[in-house]
Every structure is written in C-alpha cells, then in structure tokens.
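For the sequence shown, the numbering used here puts the final residue at 661, and the numbers step up evenly by one.
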Amino acid sequence: MSLRVKVILPYLLLTLAVAIIGTYVVTRLVASSLTERLTNQLLEAGRVVSDGMARQEIGHLEAARVVAYTSGLGDALAAGDVAAVTTLAEPVAAGLDIESLTLVNLQGQEMLNLLQQADGSYVRADQPTSMAALWVVQNLIEQNDVNALPARSLGQHPLNGRYYYFTAIPVEAGGRMAGVVVLGTSLDTLLPYLKSTALADVVFFVEDGRSIATTLGGADPGDDLLAQLAISPESYDAILRTNDLVTGENTKVFSRWYSLARGPLKVGSDRLGVFAVALPLNFVLQAGADSRNMYVLIFSLAMIGVVLIGYFIAQIIIGPLSRLVRASQAIAGGDLSQRTGIRNRDEIGVLAVTFDEMTENLEARTHELQKAYHSLAQMDRTKSTFITLAAHELRTPLTLISGYTQMLKESSEKDEELLPLAVGVLDGTKRMSEVVNSMLDVSRIDNQTLEIVPEQFGVAMLLERVHSNFAQALKSRNLSLLTEELYDLPPIQADPEQFYKVFYHLVMNAIKYTPDGGTITVSGRVVIEPDDRREVEIVVRDTGIGIDAEHQELIFEKFYQLGEVQFHTSSKTKFKGGGPGLGLSIARGIVLAHGGRIWVESAGHDEQNYPGSSFYIRLPLKEESA
Ligand code: ADP
C-alpha cells in the first residue's frame, strides 16, 4: 500500500463513519420530530372530533327541545293521537332540518317516525318500527321522569338500516312525562362534518370493536374496509374505559399508510362507542426520505471535500518523500550525481538535506576510490611488466649457468671435491628456473597470453605424475598422499601440462603446510548443478595448519603470503617454509582460463590442532568428455 493511500485512507474511513452516523442521527431526529408532529396532530384531531360531537349534541338538544315544547304535542302523545302528533311535529322537523325524528309515547308506542331523504323530503313510517326498542327510548320510559337527562346512542335506523347518532329527551304534558322525542343524525353526514373540522379521517366503532362508519376510502368505504378496520372486543372495552386518545398504531388502507389514534366517543356522561382519527403517513415517510436524501447528499459532498483536502495534504507530505525515494533509487542504481533538491524547512527537508550531503560525500569518496583504484591498477600493471621483464632477463643467464654447470658436473665426475659443489650449483639453478618459470606463468596469466592446448586425459594419471615428483619429499617428511575415486572420474577436457602445474602447486602447498606424519588426500566426484550442468570436483585435502577465513580469498592473489618472511626458504617442501607467493595465483589463473572455479575451505588457522585445508576445483564437464 502506497504512503499516499495510507495517509488518505484513515481520513476517508473517518469521514465515512461520521457521514453514516451523522446521516443516521439527523434522519432519526427528523423522523422522530415528524412522528411527534404527527402524534400532536392526531391528538389535536381527536380533540376536534370530541368538540364536534359536543356541538352536534347541542344542535340535537336544541332541536329536540323545540319539538318537545311544541304546544299540544305532549297532550297528543299522552292521548295516543297519531294524527295530531304528525300534524304538529312534521312542520317543526322540516323547519329544523332534522334528519330523523321519532316520537314515542309513554307506553312505548311509536307515534311518528320521520326520516329525511337525500333530497331533503321526508318519508314517514306507515307501521310502527323497532325504533321504540332503542336503548335511548327505553331508558327514558323506564325513568318516567320529566326532568330525566337526555340519552344518546349510536344505532341503526330501522327505516334505512343506516347508522345514526340518536339523542332522546322526555316530552312533557301537564307536568308529567308524556313520551320521548328521538333525534338522529346519520353518520354519513356526521363523519364528513367531523373530518372537515378535524382535518383527519374518522372511524366509529361500536360494541365488540365493530367499525360501523368511516371517512377512509371515500363516500362508500365498503364492508371489507370496515371489517379490516375493526378492533378486538378487548381493546374496544379498554379504549371505552379510558379518557385519553391512544396513539401509535399504523394501518394500511388501499395501499396508503395511516397513523391512527383511538379514544372513547364521549357525549356528556355517555360513552357511545369508540372513535379513531387517522392521518396519512406518507408525508412523514416522504419528508423522512427527503431529509435523508438531502443529508446523504450533504455528507457525500462533505466527504468528497474531505478526500480532496486529504489528497492535497498527502500530496504536500508525500511529494517531497517521493522525490527522496526517486533520488535514492537513482543513487542505488549508481547515479551519484542525483540530488533531491528539497529545501523544505520541516523534518523531511532536514532529511533531504542530510541525504544530499551524504550523497555528496559518497560521490567524493567514490571519486577518490576510483582514483586510488586506477593508480593501483597502474601499479599492478607496472609490477606485471617488471615480472615479465625480470623473468625474461633472468632466463637467459640462467640457461647459460645451468648449461655450464651441467658441463662442469660432467667433467668433474671423478673429482670428489668439485662434484658436490657442481651438483649444489645445479640444484640451485633448477630451483631458480622453477621460480622464473612461475614468474613467467604469472605474467602470461596477467597478460592473458596463457596458451591452452586442451585434450582429454584422466586426473588420476596426472596425480600419479605429481606423486612421483614429490615421492622423495613425502618420504622424508613422513607424509602420505592418498587418492580417492580418481579412477572412477570421467576424463576431463583440459591442457594437461597446465593442470599438472595446478596440482603441483596445490600438493606442494599441502606438503609445506602439513606437519610431518600428516596425510594429503586428493579425491574426485561428479557434481550435478541445479541447472543440470555436470561438473568434475577435485579436492586436495590436508591435515595441516589451516587458513583463517579472512585470508581464504586473498591467498589466491599473487605474492600474497601468510607465513613470516624470516621463515622464507628456498626449499619447496620444508614445513611452513613460505615460497614466493605465486603458486595459488597460478593455479587460479589456469583453472579460470579453463572456465572452472577454485576455492579453499578451512576451519581456520591453528598450529596446535591442525584443522587442515581443502582446496576445491570445479571444472565443467564437456559433453564429449562425459
Ligand atoms: P607460497 O609460495 O607462499 O606457498 P602460495 O600462493 O602457494 O604461495 O600460497 C599463498 C599462501 O597461502 C602461503 O604463503 C600460505 O600461507 C597459504 N597456504 C597455501 N596453501 C596452504 C595450505 N595447504 N595450508 C595452509 N596454508 C596454505
């Protein structure tokens, strides 16, 4: 993950969290305030409905009194004179615009039953109906009290089967109760009136929670809707007994959601039933959705703003860092001339300036090292030239000396005094020409003029030659030279003379650095590399003084010696007798020229415990030699 993302991501997550929580909280607040408003509206509508009922009752009472006090009506009722009752009451009903008027005498006989039609005209029941059986009528007749309080109820009108709100008061004749006047207003008229004043839909319920009328669903709600709106008898009874409006219930009418509040339908001391007011919920839902959308939009914009700010902040912080990274990558790639060029005054600026200074120093140092390297290379070339010249210069007189000494030796065969001297000079000359030859080998390796004439041969044969060369020395130093599995090795493709030199120097070193009585082992095997290449590995292992890790690479450099100079000896095989320091450099030059590798492994230098050294040679095995 890039640093830029790491900086911006927490911002983003934080803003997202704030946005989600914010939207949620604000929407909830809006929703709850809207719900509260709705509840208040419902309660208000409920109050208005109660007031409306009270007004309706006053209207009923006023009209009923006008009827009751019509002169002669009480007497006509008491006398059971239907014609007189009709003549007296009908015009009053028409004048007061009464929807339903019923007059019953004290015996419970229906004297007049008028019902207003939709067009305002009245129909009169020819026969007595069940109107006299209404609770309001029976209640007053039973009381038989001219001062009895008015009675009200909701009930079905026997003439049209519709629900009415009835109010009944006693009619007096001669100071005594003569009958009952019952006034009714159809719920089909009453409910739309209540709706228009309360600004909410209204539902009326009677016993058992049956709903009998509602403004929901238009002029004719239908029985299905009424059945749907019905409540359980238990809740009907519970609501009837309370004095308050019960809110918090939602119902769906014709795919529209309404919030309902129910309360007892009280008129005076009578509880006629239960009513409900209903307000549509869609404006709450809509307002909630609108506010949610608005806040989602606001928070989204805020989030984009925060992300942009975060991006710019990240840019300010990360811009210099990116330049620093680019500069460091270029420097790591070797371009030391690169600088960050950042001059900010903050911590990154300090880091960049320090980094630039470091690079400056590094460049200067590298430059110095390059100069030193060039002069060293020059010195090395001079040394190589000197070796070449010295070797060539020494070779000619040496050849002469050895030739003359040979002649001197031959001519002094019988001279006992001269012969050992001549032999001594001849041995010295031989050793000297070996050193000169080594110098020539080194110079050829340095100048890459080593001549290689490859042919196939077995390593075992070569080792036999080396063995016989050092047989005398091995014997005098009581050393064993063992070979292991060399005869099983496939023949190698190399220059046998050059490789003879390699093993000559390795075995000679092993003899020199192994104490008397030690063992030198030369073993070989075929190794299969991970890339399936086959190589021959030859190891020259001794039980000598060993080599410290820090020198294991350097001993392959020409003239590099570990032994002290005072132990230097012209003997090739004396224990710890240091030579000119050319053997390993020649061995490495020859192995490398054959495409191989040479290295040493040793547990370290220890002249008490003799950890020994193992010199490894690996040569690629050519297919034709396999
Ligand atoms: P030298 O003529 O001194 O033997 P070389 O190049 O052959 O020169 O060896 C370099 C140095 O490596 C030696 O001086 C010696 O200290 C160390 N060395 C070489 N071979 C061995 C060995 N088998 N055991 C311990 N030290 C060795």
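Ideal Cβ positions, reconstructed from N, Cα and C, are used throughout, including at glycine.
The beta carbon of residue 448 sits closer than 7 Å to those of 454, all from its chain and outside the five residues before and after it, given in chain order. By the Cβ-count criterion, residue 507 is exposed, with fewer than 16 other Cβ atoms from all chains shown falling within 10 Å of its own Cβ. When Cβ pairs closer than 8 Å are counted between the two stretches, the stretch 82–97 is seen to touch the stretch 220–231, the count reaching three or more. Looking from the CA of residue 147, the closest CA among 138, 415, 186 and 428 belongs to 138. DSSP, read as helix, strand or coil, puts residue 211 in strand.
The three-state reading of DSSP puts residue 491 in strand, counting E and B together. Rounded to the nearest whole angstrom, the C-alpha separation of residue 456 and residue 436 is 14 Å.
Ranked by Cα distance from residue 162, the first of 154, 149, 173 and 171 is 149. With a 10 Å radius around the Cβ and a threshold of 16 neighbouring Cβ atoms, residue 204 comes out buried. Residue 577 has its Cβ nearer than 7 Å to a heavy atom of the ligand ADP.
About 7 Å separates the CB atoms of residue 296 and residue 78; that is less than 8 Å, so the two are in contact. A distance criterion of 7 Å places the beta-carbon of residue 580 in contact range of the ligand ADP, judged by its closest non-hydrogen atom. Under the three-pair Cβ rule at 8 Å, the stretch 498–513 does not count as touching the stretch 463–471. One thing to note: residue 112 has its Cβ no nearer than 8 Å to the Cβ of residue 183.
Ranking 485, 387 and 174 by CA distance to the CA of residue 186 puts 174 first. For residue 247, the CB contacts under 6 Å within the same chain, skipping 5 residues up- and downstream, are 198, 239 and 241 in chain order.
A residue is called buried once 16 or more other Cβ atoms fall within 10 Å of its Cβ, and residue 576 is buried on that count. Taken in chain order, the complete alpha helix (DSSP H) segments of 4 or more residues contained in the stretch 281–362 number zero; there are none.
In the DSSP assignment, residue 246 falls outside any alpha helix (DSSP H) and within the unbroken beta strand (DSSP E) covering 245–249. By a beta-carbon distance limit of 8 Å, residue 80 does not contact residue 331. Their separation comes to about 33 Å.
In this structure, 655 is the residue among 268, 655, 393 and 552 with its C-alpha nearest to the C-alpha of residue 568.
Remark: fewer than three beta-carbon pairs, one from each stretch, lie closer than 8 Å, so the stretch 38–54 and the stretch 298–315 are not flagged as touching. Only buried fits residue 542, as 16 or more other CB atoms lie within 10 angstroms of its CB.
Of the residues 458, 471, 622 and 551, the one whose Cα lies closest to the Cα of residue 421 is 471. Three or more beta-carbon pairs separated by less than 8 Å link the stretch 61–75 to the stretch 316–332, which places the two stretches in contact.
Residue 624 holds the alpha-carbon nearest to the alpha-carbon of residue 536 among 152, 649, 624 and 73. In the three-state scheme derived from DSSP, where H, G and I count as helix and E and B as strand, residue 655 is classed as strand. Burial check for residue 382: the Cβ neighbour count within 10 Å stays below 16, so the residue is exposed. When the Cα atoms are used, residue 257 and residue 76 turn out to be separated by approximately 27 Å. In the DSSP assignment, residue 420 falls within the unbroken alpha helix (DSSP H) covering 382–446.
Burial check for residue 442: the Cβ neighbour count within 10 Å stays below 16, so the residue is exposed. Nearest to residue 54 by alpha-carbon distance, out of 548, 434, 336 and 645, is 336. Listed as beta-bridge partners of residue 535 by DSSP are no residues whatsoever.
Residue 419 sits close to residue 478, with the two beta carbons spaced by under 8 Å. Between residue 590 and residue 533 the beta-carbon gap is near 20 Å, outside 8 Å, which marks them as no contact. Considering only 116, 400 and 216, the residue with the shortest C-alpha distance to residue 128 is 216.
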